[in-house]
Structures are given as structure tokens and as C-alpha cells.
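Structure, as C-alpha cells:
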Amino acid sequence: MKSRIYVKQHANVQFAHLYEHLLASQFNEYLFEKGLIKWLDYSLNGATFEQGGIITLEYKAYTNRANAFFNDLHTFNINTDRQLVRNALKQITVEDGYELAIESDAALIAELQAIDLEQWQDIDNIAFIDT
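Numbering (this note's numbering), first residue to last: -13 to 117.
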């Protein structure tokens, strides 16, 4: 089994959390389209921490086929379609018990795209967490 934890950081924790939901669901869908089955071939778990707006994504590959997709995470870009964003917002509302305050759809999408441009870092190679 091959396992990695990737990290991004964003100042706005709520946007970071929304980004984490969008990425996890879309990358799971991407892997499904490639013929991989979650929990049999791989696992993918995301978390967002209020301390510093840290987003983590843990990817574990259980099969050789799943190993081939490790690097895809570094180049994967989320889809910021409004309906996908709204679905992720609903997930967060249920999970956290409150709705995010959003100025406008355009501002929200711009923020998500800015987070998306940030490179994932391997947790072993980052300076802002003492591991």
C-alpha cells in the first residue's frame, strides 16, 4: 500500500472547507471514471482545520492501478460549476450546522479557483506544520 498526505493552506477557513469538499467529491468521481473502486482500490479522505485554514487530503492506494494516479492530484483542477458548488455548500451546512456567508457567486468562484491554483505539498516537506 502506498499512502500520502497532501496539504494546502488558505486564510479563509470556510472557503478552504468548501474547496476540500469539492475536490474530494470530484477526485473520487474522476477515479471512478478511471475504473477504480473506493475502499477496494484506494481511499481518499479530506479534512480542513480551523487552525490556520489547513486542508489535508490523504490518498491511500491499495492496488497497482491506484498507484498510477498519485501524481494526478497535483494537476487536478476542480470544476466550479454553480450547481456543484451549491451541492458542496449543502453538505457543509449539514455537517457544520450553519450556512456560509457568501458575498456573490462570482467572488466565491474566484476564491475557489485561487485555492485550486495553490500547489499541494507533501506533509513531509512543508514548513508551516511541525511534523
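Beta carbons: idealized from backbone N, C-alpha and C, even for Gly.
Residue pairing from DSSP leaves Asp27 without any beta-bridge partner. Exposure of Asp91 is indicated by the presence of fewer than 16 other C-beta atoms within 10 angstroms of its C-beta. Remark: fewer than three beta-carbon pairs, one from each stretch, lie closer than 8 Å, so the stretch 71 to 82 and the stretch 26 to 45 are not flagged as touching. DSSP lists Lys46 as the beta-bridge partner residues of Ser(-11). Spatial neighbours of Leu59 in its own chain (CB-CB distance under 8 Å, excluding positions within 5 residues in sequence) are listed in chain order as Tyr(-8), Phe13, Leu43, Tyr45 and Trp106. In the DSSP annotation of this structure, the continuous segment of the alpha helix (DSSP H) that includes Leu70 starts and ends at Arg68 to Asp82.
Taking all protein chains in view, the Cβ of Leu26 is surrounded by fewer than 16 other Cβ atoms within 10 Å, so the residue is classified as exposed. With 16 or more neighbouring CB atoms inside 10 Å of its own CB, Leu30 falls in the buried class. Close CB contacts of Ile88 within its chain, under the 6 Å cut and outside five residues either way in sequence, are with Leu94 (chain order).
One alpha carbon belongs to Tyr28, the other to Leu17, and they sit about 9 Å apart.
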